[in-house]
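Written below as structure tokens is the structure these notes are about.
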Amino acid sequence: MEEEKVGGGDTDAGPSGNWAELTHVCLINILSRLTLEERWTGPMFACRSWFSACKDPVLHSVFDLETRFDLLAESPRWWTPEFERGIDSMLRSVADWSDGSLAEIKTRHCSDRSLSFAAERCPNLLVLSIRSCPNVTDDSMCRVAFRCSKLRELDISYCYEISHESLMVIGRNCPNLKVLKRNLMNWLDPSQHVGIVPNEYLNACPQDGDSEAAAIAKFMPNLEHLELRFSKFSAKGLGFICKGCLNLECLDLSACANLTSRDIVNLTSNLKNLTRVIKPNFYIPRSVFHTERYGHWNLYDERFQTDVFRI
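Now the structure itself:
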């Protein structure tokens, strides 16, 4: 009798049933309440019908791993080929299952392989955030530019294989771009990255700040939000931006060591819509900066409290 009760239709707690027999609509309703990570670590492997439901395009308009990355301390493991292959596999799967409906990609440590695949299959992409991707290059960014012309937001922070050429092509082909984030790692005091980010990657920090500024100014005139933390561009580059991007409302210049407060005040004076400008909040004597780039950094910490800007 007890065995019949367990396997039968009702219990004291209410009716029981076979979860594998839920309709597809019910499954989608349930799965839509879970995060991407939760779906990938449980329901997807429950049974064939659940796996099929997890691939429904309705669930794949957004691919967001950035939220999860933000909750964790950065790890050297993230910079390994094995980790990159795992991210690539997830992104390719979601891009395929989305059936063209994928509108947001927010991740790190993907490569050209998965990004090119996503660009080909997701022409409705509006938001692309691919921070810290050492193997994303101009090649896949050009594919994004030509295939995803509706792009509105782009974050390519800490992607050192992406050059000003990509900025030009994106600007030409994505006229609706409003937000650009092109932040670099803390090259003024790279100690926070040592042991996590490979040294050869830290040393590959882009040096052509003014070229990037010129590309942004010429080909992205509709920008409203621009982040260039730790950029190496000069007052000349900032001048390009302030002449070419007249719709800017927010401009983040945190730790841009080649700019002075006077440069920023003078050059941004013509930006009538600018409501927020974040200036470099530290001071480095120019003569010392150009002769000994890192030699006396501890002394500067004591005299000018430069620790306030470290990320």
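Residue numbers (the working numbering): 54 to 364. Ideal Cβ positions, reconstructed from N, Cα and C, are used throughout, including at glycine. Small disclaimer: the values here were computed from a predicted structure and weren't measured.
Closest option to residue 200, judged by alpha-carbon separation, among 188, 227, 185: 227. One Cα belongs to residue 138, the other to residue 89, and the distance between them is close to 18 angstroms. In the same chain as residue 258, and ignoring 5 residues on each side of it, the C-beta atoms closer than 7 angstroms to its own belong to 213, 237, 238, 240, in chain order. Residue 182 is a Cβ neighbour of residue 158, given a cutoff of 8 angstroms.
Taking the C-beta atoms as reference points, residue 270 is found nearer than 8 angstroms to residue 298. Annotated as distal: residue 324 and residue 291, with beta-carbon spacing of 8 angstroms or more. If you look at residue 234, you'll find it isn't in any alpha helix (DSSP H); it sits in the beta strand (DSSP E) that goes 232 to 234. Within the same chain, 108, 110, 113 come within 7 angstroms of residue 150 by CB-CB distance, once the 5 residues on both sides are set aside. The alpha carbon of residue 105 has as its nearest neighbour, out of 84, 125, 121, the alpha carbon of 84. Under the DSSP definition of a beta bridge, residue 208 partners with 182, 234.
For residue 262, same chain residues with a beta-carbon under 6 angstroms away, outside a window of 5 residues either side, are 284, 285, 286, 290 in chain order. When rounded, the separation of the alpha-carbon atoms in residue 293 and residue 136 is 39 angstroms. Looking from the CA of residue 208, the closest CA among 254, 282, 318 belongs to 282. Listed as beta-bridge partners of residue 329 by DSSP are 303.
Rounded to the nearest angstrom, the gap between the Cα atoms of residue 180 and residue 163 is 15 angstroms. Annotation for residue 159: the continuous beta strand (DSSP E) segment containing it runs 157 to 161. Following the DSSP letters along the chain, one finds residue 217 in no beta strand (DSSP E) but inside the alpha helix (DSSP H) bounded by residues 217 to 226. Nearest C-alpha to residue 130 among 251, 203, 94: 251.
The beta carbon of residue 217 sits closer than 7 angstroms to those of 261, 264, 265, 268, all from its chain and outside the five residues before and after it, given in chain order.
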